[in-house]
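A short worksheet on the structure shown next.
2 protein chains.
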Amino acid sequence: MSVTPPRPKGPPLNALRAFEAAARLGGFRLASAELNVTPGAIAQHVKFLEAWCGGLLFERLPVGVQLTPLGTSILPDFVAAFDALAAASHKLRMNAAPNRVSVTALPSIAQLWLGPLLPKIREELPGISISVTAMEAPPNLAREPFDLSIFFSSEADKSADLQLPQDELVPVCSPEIARRISTLADLQDLSCLSDQMWPGDWTEWLKSIDPRAGYSVSGPSYSLYGLAVNEALNGAGVLIGHLSLVNRYLLTGELVAPFPQRAKTAHRLTIYRSAQARSKIIRRLLDILKRFAKNL
Amino acid sequence: MSVTPPRPKGPPLNALRAFEAAARLGGFRLASAELNVTPGAIAQHVKFLEAWCGGLLFERLPVGVQLTPLGTSILPDFVAAFDALAAASHKLRMNAAPNRVSVTALPSIAQLWLGPLLPKIREELPGISISVTAMEAPPNLAREPFDLSIFFSSEADKSADLQLPQDELVPVCSPEIARRISTLADLQDLSCLSDQMWPGDWTEWLKSIDPRAGYSVSGPSYSLYGLAVNEALNGAGVLIGHLSLVNRYLLTGELVAPFPQRAKTAHRLTIYRSAQARSKIIRRLLDILKRFAKNL
DNA sequence: ATACTAGACTCAGTTTTTCTAGGCCTAGAA
DNA sequence: TTCTAGGCCTAGAAAAACTGAGTCTAGTAT
């Protein structure tokens, strides 16, 4: 008997968050990715929560888990509560520093599309402070503290705040290299640069030119598209270019396109803003991006 | 440069909770009481949160703190979010075990009023599992995981789920002791038991009998009213009885009231239920309590 | 004036919580 | 059959949270 008896405590907030993520995403592994922890951590949180409430939240299948009726019955409440919490946190951050904007983008987009625009943005919106975070997959804007996300999406989406037309593939290289190219066959003697994230780009472009010819090319691949572009600028070979990312260099002449044919891809550069990001600054920033995007 | 760059993280949930409590209650000390930690812990959480968002949440006054406009601007959002979270947690617990009811009450009420009713309740609601937590002050039912709270309130409140009439004071003692009492003056030769939480009870009762007579009594006091009642049953002296708590013993004759005069107090035994506790079980439990309360 | 008090701050050290690593297990796919 | 995806478990490590004790400030009481 302790002097101050331990009164029943509410559940740990982190366990609730782990459950919510696992239930919403349908698995511990996905939840662990969203929360940046290992799946074991999620498992422990959920187990604790199950002990706390005295009921099973998930059925454990041989592979994966499935929400029990109990879990299903309260999931919407938790989703709503954590949405509200995330929204409040976001609002707090914005109210504290209205001129701070945080953007997340695919690494290649951050470096090749957004990066060059930043000086012009700073010029038009003096006092603004933009932080850029590169990541591989678009985050859940309702949860992560970003104002804007810029990624490639394979679908048209009217709800996007800005969406460019379908991206196009076109080989690009330095002018010197271009002089040595006249036919498709010439490509086979050259380094054909590509990005590790889009390994099918060359094949896709070649197919769009002549579906039956069995052309194939080879060359180094890079985990960062920006690196590949740099190598192309340095004359390392022919890069399969994503027009939205390399057009700026075509316009300046630093890179040229030895073949005029372009292959439409499914990808559209797409910008979303967080539901909280309704401020005037964000609106003006979007306007600027829109304008620059047109000139690209 | 780490391989997986640390992406900006959302604020720690516990820091948000600390801020919410401090802001809602208007001070770190109060918040620390609600969350069962020391004030220093709250201070650290708030400080962290201020660093995270880059703005001051509280103005530090020489004594106490005051919300800044920034803090004020987001407080309602956080209150709503944590309310939703607590409601969801409560619902989870109830859905997991619908027959479990948790009650919080003043120690004296738990022991003397509720305790004797529990066997009868179990009889009428077989299968129900009631846990009782004694505490000194009524908790915030919107936050703490209780279904019912039973405390004395000094005001009439129509929103209460059950409220008894104003409590009355009346001296009580064992029949043996009563035989030795015939006038007020006899009290001065006897041990007059009282509760440490209500040290003014005897004075209040004496005043209601004869406001001018300077009667005063003395005797041991107890930190647990239940203990004082037991002592009275054992013939240790005359206890200043709260009718709602000792009437059961008057009815059985184990205790008697040597003086017929009763003094009305401001206190009413008051029962609230949590907003989440809308189940049939709780309703039936309240009905039973109501019925028993009438017969007391 | 002088002490006292309430409330908050800080910092070091400790306790508690949370996370990871790595091995195990199961069933469906190759 | 082997491989793989997804979870489970446990020990130990890492991080977060909390405490305790000493400071500080300005009202309040003496």
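Going line by line, the protein sequences match chains A and B. Residue 308 in my numbering is what sits at position 284 of the first sequence, and the numbering runs on without skipping anything. Residue 189 in my numbering is what sits at position 165 of the second sequence, and the numbering runs on without skipping anything. Beta carbons: idealized from backbone N, C-alpha and C, even for Gly. What you are looking at is a predicted structure, and each value in this text was computed from that prediction instead of being measured.
Review point. Between A/Ser247 and chain B, is there a C-beta pair that is closer than 8 Å?
Key: Stepping through the first sequence from its first residue, residue 247 of chain A is reached at position 223. No, A/Ser247 lies away from the interface with chain B (no Cβ there is under 8 Å from its Cβ).
Pull out every residue of the segment 199-230 of chain B whose Cβ sits closer than 7 Å to any Cβ of chain A, in chain order.
none
Where the alpha helix (DSSP H) through B/Pro199 begins and ends
Position 175 of the second sequence, counted from the first residue, corresponds to residue 199 of chain B. That run of the alpha helix (DSSP H) goes Pro199 to Arg203.
Q) Between A/Asp171 and chain B, is there a C-beta pair that is closer than 8 Å? A) In the first sequence, residue 171 of chain A corresponds to position 147, counting from 1. By this cut-off, A/Asp171 is not an interface position.
Handout entry: Contact belief for B/Val270 with B/Val196 at Cβ below 8 Å, rounded distance in angstroms
Key = The residue labelled residue 270 of chain B in the question sits at position 246 within the second sequence. The residue labelled residue 196 of chain B in the question sits at position 172 within the second sequence. Contact holds; Cβ gap of about 5 Å.
### Query
Mind listing which residues of the segment 97-120 of chain A have their C-beta closer than 8 Å to chain B's C-betas, in chain order?
Ser97, Ile98, Asp101, Phe102, Ala104, Ala105, Phe106, Ala108, Leu109, Ala110, Ala111, Ala112, Ser113, Lys115, Leu116, Arg117, Asn119 and Ala120
Length of the line joining the Cα atoms of B/His69 and B/Lys33 = The residue labelled residue 69 of chain B in the question sits at position 45 within the second sequence. The residue labelled residue 33 of chain B in the question sits at position 9 within the second sequence. If you take the alpha carbons of B/His69 and B/Lys33, they lie about 16 Å apart.
* To do: Compute the Euclidean distance between the alpha carbons of A/Ser26 and B/Pro162, then round it to the nearest angstrom.
  => If you number the first sequence from 1, residue 26 of chain A lands on position 2. If you number the second sequence from 1, residue 162 of chain B lands on position 138. Its pLDDT being 40, under 50, A/Ser26 is placed unreliably in this model, and the value from its coordinates should be taken loosely. Rounded to whole angstroms, A/Ser26 to B/Pro162 spans 20 Å at the Cα level.
- Message: Does the CB of A/Thr157 have a neighbour CB from chain B at under 8 Å?
- Response: Within the first sequence, numbered from 1, the residue matching residue 157 of chain A stands at position 133. So, interface residue.
| task | Identify whether A/Ser26 lies in helix, strand or coil by the three-state DSSP scheme. | result | As a working mapping, residue 26 of chain A is identified with position 2 in the first sequence. The predicted position of A/Ser26 is uncertain, since its pLDDT is 40 and thus under 50; a value taken from the coordinates is nonetheless stated next. In this structure, A/Ser26 counts as coil in the three-state DSSP scheme.
request  = Within 10 angstroms of the Cβ of A/Ala301, are there 16 or more other Cβ atoms? Answer buried if so, exposed if not.
outcome  = For the purposes of this step, residue 301 of chain A is taken as residue 277 along the first sequence, with counting starting at 1. Buried, because 16 or more other Cβ atoms sit within 10 Å of the Cβ of A/Ala301.
Alpha carbon of A/Ala317 to alpha carbon of A/Ser97, nearest angstrom
Residue 317 of chain A sits at position 293 when you count from the first residue of the first sequence. Residue 97 of chain A sits at position 73 when you count from the first residue of the first sequence. Roughly 45 Å between the two C-alpha positions.
Give a yes or no on whether the C-beta atoms belonging to B/Ser218 and B/Ile264 are separated by under 8 Å. The sequence position of residue 218 of chain B within the second sequence is 194, counting from 1. The sequence position of residue 264 of chain B within the second sequence is 240, counting from 1. Against a cut-off of 8 Å, the Cβ pair of B/Ile264 and B/Ser218 comes out as a contact.
Item checked: A/Asn38 at chain B interface by Cβ criterion, 8 Å -> For this step, residue 38 of chain A is matched to residue 14 along the first sequence. Taking Cβ atoms only, chain B reaches closer than 8 Å to A/Asn38, which makes this a yes.
Point to revise | Coarse secondary structure for A/Lys318, derived from DSSP in three states | key: Taking the first residue of the first sequence as position 1, residue 318 of chain A is located at position 294. Three-state result, A/Lys318: helix.
State buried or exposed for A/Leu279, treating a residue as buried only when at least 16 other CB atoms are found within 10 Å of its CB.
-> Walking along the first sequence from the start, residue 279 of chain A turns up at place 255. Label assigned to A/Leu279: buried.
**Request:** Go to A/Leu40, then tell me how far its alpha helix (DSSP H) extends in each direction, as first and last residue.
**Result:** Taking the first sequence and counting its residues from 1, the one referred to as residue 40 of chain A is at position 16. Where A/Leu40 is concerned, the enclosing alpha helix (DSSP H) stretches over Leu37 to Leu49.
- Query: For A/Val241, does the three-state DSSP call read helix, strand or coil?
  - Reply: Position 217 of the first sequence, counted from the first residue, corresponds to residue 241 of chain A. Reduced to three states, the DSSP call for A/Val241 is coil.
inquiry  = Helix, strand or coil for A/Thr128? Go by DSSP, reduced to three states.
reply    = Locating residue 128 of chain A in the first sequence gives position 104, where the first residue counts as 1. Looking at A/Thr128 - three-state DSSP - the assignment turns out to be strand.
* To do: Kindly indicate which three-state DSSP category A/Ile133 falls into: helix, strand or coil?
  => Position 109 of the first sequence, counted from the first residue, corresponds to residue 133 of chain A. Note: A/Ile133 maps to helix in three-state DSSP.
(Q) Just to make sure I have the definition right: I need the residues of chain A whose C-beta is within less than 7 Å of the C-beta of B/Gly79. Which are they? (A) On the second sequence, residue 79 of chain B is found 55 positions in, with the first residue counted as 1. Per Cβ cutoff of 7 Å: Ala120 and Ala121.
Taking 8 Å as the CB-CB cut-off, is B/Arg41 touching chain A?
-> Translated into positions along the second sequence, residue 41 of chain B becomes position 17. Cβ-Cβ to chain A under 8 Å: yes for B/Arg41.
- Task: Could you pull out every unbroken beta strand (DSSP E) segment of at least 3 residues lying fully inside the segment 167-219 of chain B, listed in chain order?
- Result: 172-177, 186-196 and 216-219
### chain A residues whose Cβ lies nearer than 9 Å to that of B/Ser126
For this step, residue 126 of chain B is matched to residue 102 along the second sequence. Neighbours of B/Ser126 on chain A, chain order: Pro32.
Identify the residues that DSSP records as bridge partners of A/Val61: which are they? Counted from its first residue, the first sequence places residue 61 of chain A at position 37. Paired residue(s): none; A/Val61 is not in a bridge.
* Leaving out the 5 sequence neighbours to the left and right, which residues in its chain are closer than 7 Å to A/Val103 when beta-carbon positions are compared? -> Taking the first residue of the first sequence as 1, we reach residue 103 of chain A at position 79. Contacts found: Glu44 and Arg48.
- Query: Does the Cβ of B/Pro268 have 16 or more other Cβ atoms within 10 Å, making it buried, or fewer, making it exposed?
  - Reply: The sequence position of residue 268 of chain B within the second sequence is 244, counting from 1. Position check: residue 268 of chain B holds Ser in this sequence, whereas Pro was assumed. B/Ser268 is buried by the Cβ-count criterion.
For A/Pro140, count neighbouring C-beta atoms within 10 Å of its own C-beta (all shown protein chains included) and say buried if the count is 16 or more, exposed if not. The residue you call residue 140 of chain A lines up with position 116 of the first sequence. The residue is exposed, with fewer than 16 neighbouring Cβ atoms inside 10 Å.
Is it right to say B/Thr128 is buried, meaning 16 or more other beta carbons lie within 10 angstroms of its own, or is it exposed?
-> As a position in the second sequence, residue 128 of chain B is number 104, starting the count at 1. B/Thr128 should be labelled buried.
### Message
So if I threshold CB-CB distances at 7 Å, which residues from the segment 65-96 of chain A count as touching chain B?
### Response
Cys77, Gly78, Gly79 and Leu94
List the residues of chain A that B/Glu168 touches, going by C-beta distances under 9 Å, in chain order.
Working through the second sequence from its first residue, we reach residue 168 of chain B at position 144. Here the neighbours are Arg31, Pro32, Lys33 and Gly34.
Validate contact between the segment 301-314 of chain B and the segment 144-154 of chain B using beta carbons, cut 8 Å, 3 pairs
yes
request  = Quick one: residues in its chain with C-beta nearer than 7 Å to the C-beta of A/Asp185, no 5 flanking neighbours on either side, listed in chain order?
outcome  = To locate residue 185 of chain A, count along the first sequence from 1; it is residue 161. Hits under 7 Å: Ile295, Tyr296, Arg297 and Leu310.
Endpoints, alpha helix (DSSP H) assigned at B/Val103:
One-based indexing of the second sequence puts residue 103 of chain B at position 79. It spans Pro93 to Ala120 - the alpha helix (DSSP H) in which B/Val103 sits, taken as one unbroken run.
Can you give me the C-alpha to C-alpha distance between A/Tyr239 and A/Ala252, rounded to a whole angstrom? On the first sequence, residue 239 of chain A is found 215 positions in, with the first residue counted as 1. On the first sequence, residue 252 of chain A is found 228 positions in, with the first residue counted as 1. Each residue's Cα considered, the two are about 22 Å apart.
| Under the three-state DSSP convention, the category A/Glu160 falls into | Locating residue 160 of chain A in the first sequence gives position 136, counting from the first residue. The answer is coil: DSSP assigns A/Glu160 none of H, G, I, E or B.
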